[in-house]
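This report refers to the structure that appears directly beneath it.
Residue numbers (our numbering): 10 to 600.
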């Protein structure tokens with residue numbers, strides 16, 4: 010088996026595959042949000058500590074297991090102990106859930122990319138109403154970028170209970186996204202190994218271009234100062250440390266089985282320790298680098314909105330009180346507002362509801378993550394840039410490359426255990442297995458192209474993996490250290506790399522990382538309990554903003570099934586193995 014197992018062409022392909030998988034959308038749209046929410050530059054302190062205590066050790070452990078066992082997640086954990094095959098099954102189930110919804114992001118990226126060639130950009134201005142007398146009311150109350158996202162892209166329904174119909178444009182984009190994934194994984198490592206050179210490097214080229222452009226934008230320094238000004242009081246907030254640990258955990262893609270699958274195609278003598286350190290550092294450096302780019306653009310957007318607000322207020326007051334043009338400026342606006350309120354109390358009172366309170370700090374404080382940052386905030390900033398079509402094309406190509414790179418890892422976590430199966434590999438070709446997985450995921454993924462699809466996307470994104478992955482990785486560390494045996498694992502690493510792991514790795518594996526994972530698990534459980542009713546953000550077309558609603562019972566049932574479907578694999582598989590082995594033992598005794 011080991012002789013015929015396909016291998017990466019060279020160690021660089023493996024590293025590029027891991028980087029392409031680990032460096033994903035979370036680096037671009039979640040890490041900047043966490044910096045914004047939890048202490049700016051001060052957030053880097055807990056983040057880097059968690060990288061050392063949690064990220065690198067667990068990444069090293071998964072890479073070493075995959076390389077030593079030379080199997081996908083199911084086969085690898087089954088070789089460690091037959092009772093642990095459920096760990097691999099749980100990883101496959103989680104990766105399957107992730108693949109179902111994650112490629113929808115690539116579909117959205119395709120949609121925006123296709124529209125990026127229009128001049129002006131379709132989200133640059135609000136459309137006219139049916140009578141061509143004014144702008145569409147929903148767009149005026151929200152913004153042109155929000156309107157394009159919620160109405161033109163998603164055509165979102167008012168609640169999750171109103172499913173609506175499939176949006177054929179999004180369905181076509183989803184099919185295109187899955188066709189692209191299929192072409193990338195068609196021949197396993199032979200095709201994936203070539204693709205990762207592009208998916209791992211192109212995003213950095215785009216980020217560098219955006220960095221150069223971002224730093225030259227008016228107001229970029231406001232965003233960078235906001236990011237790097239440390240709010241040290243946040244270090245006393247437990248949620249800061251929890252979110253730092255969570256970001257490291259999910260950003261590296263631990264527990265999905267993808268890293269084990271990638272490492273299983275390595276030469277047995279590959280230095281997986283060095284590669285674990287390299288991938289971890291590149292992943293975290295990319296998060297910081299992407300945050301600099303994001304906050305320079307965020308500062309430009311905030312400054313642009315603030316100055317536009319000031320200009321509108323100045324124009325409103327100048328016209329209302331017939332002031333001399335140029336008399337009102339941004340510098341004396343507040344003083345003039347006080348003067349006008351005292352000199353013309355009745356007129357000012359009547360006009361007051363139309364006078365906005367402009368604040369740069371408030372613009373910078375507006376925290377956005379996820380799809381809101383990727384498809385609304387960036388789009389709003391891009392539309393105000395010169396040559397906006399060019400920067401829009403570059404940005405959405407970058408999103409697409411990040412998304413495809415992550416999808417290669419997700420599908421590898423599913424396909425490797427299947428192609429390792431003697432039964433499937435005997436009766437079906439690798440291309441057929443890959444095509445079957447892509448087809449099934451694509452058909453199920455059409456759920457997310459419904460008018461209520463984005464609500465279901467949020468459910469899968471929030472609940473399909475969080476608790477499950479924590480449990481999976483906890484069992485992995487316990488299995489390696491206390492079932493397989495840390496000393497035995499140490500000897501395996503010595504045989505592979507030529508040296509034994511240092512005391513640092515062993516302490517992290519045996520004590521620090523498991524304690525940290527248990528703490529995260531307890532936090533999420535207590536947070537869910539204390540929250541009470543689970544809620545979601547629904548789009549109110551009448552008011553033009555998001556409103557909070559309670560999940561209906563059907564959605565709560567789906568959330569429960571998502572969590573249970575993967576976590577129950579571990580004890581159920583162990584129980585089935587025990588029953589089978591017991592029956593075999595009894596049968597041999599009778600014989």
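Glycine included, C-beta positions come from ideal geometry on N, C-alpha and C.
Item                                                                                                               : Value
The alpha helix (DSSP H) enclosing residue 283, as first and last residue numbers                                  : 281 to 329
Distance between beta carbons of residue 265 and residue 100, contact taken as under 8 Å                           : 6 Å
Cβ shell of residue 384 (< 6 Å), same chain only, five flanking positions each side left out                       : 158
Under 9 Å between C-beta atoms of residue 131 and residue 505                                                      : no
Residues near residue 588 in its chain [Cβ-Cβ closer than 6 Å; skip 5 each side]                                   : none
When 308, 154 and 123 are compared against residue 182, the one with the closest alpha-carbon                      : 123
Of the listed residues 84, 434, 240 and 595, nearest to residue 50 (C-alpha basis)                                 : 240
In chain order, each alpha helix (DSSP H) run of at least 4 residues that lies wholly inside the region 202 to 257 : 229 to 237
Range of the contiguous alpha helix (DSSP H) that encloses residue 421                                             : 397 to 429
Beta-carbon proximity of residue 581 to residue 95, cut-off 9 Å                                                    : yes
Residue 20 to residue 473 span [Cα, whole Å]                                                                       : 32 Å
Proximal residues to residue 175 (C-beta, below 7 Å), its chain only, five neighbours per side dropped             : 455, 458 and 459
Residue 43 vs residue 254 beta-carbon contact at 9 Å                                                               : no
Buried versus exposed, by CB contacts within 10 Å (16 or more), residue 216                                        : buried
Short Cβ contact (9 Å threshold) for residue 288 with residue 27                                                   : yes
Distance, residue 154 Cα to residue 386 Cα                                                                         : 8 Å
Three CB pairs or more closer than 8 Å across the region 424 to 438 and the region 140 to 156                      : no
Counted within 10 angstroms of its Cβ, other Cβ atoms place residue 573 as buried (16 or more) or exposed          : exposed
Beta-carbon spacing of residue 297, residue 53 below 9 Å                                                           : yes
Distance between residue 433 and residue 232 (C-alpha atoms, nearest Å)                                            : 53 Å
Segment contact, 8 Å Cβ cut-off, at least three pairs: the region 110 to 129 with the region 395 to 412            : yes
Segment limits, alpha helix (DSSP H) that includes residue 344                                                     : 342 to 352
Cβ-based burial, residue 11 [other Cβ within 10 Å; buried from 16]                                                 : Because the pLDDT at residue 11 is just 44, under 50, the model does not fix this residue reliably, and the point stays unresolved.
Same chain, Cβ closer than 8 Å to residue 483, five either side skipped, listed in chain order                     : 523, 526, 527 and 530
For residue 548, the first and last residue of its enclosing beta strand (DSSP E)                                  : 544 to 549
Within-9 Å CB hit, residue 223 to chain C                                                                          : Among the chains in the structure shown there is no chain C, since it carries only a single protein chain.
Endpoints, alpha helix (DSSP H) assigned at residue 373                                                            : 369 to 374
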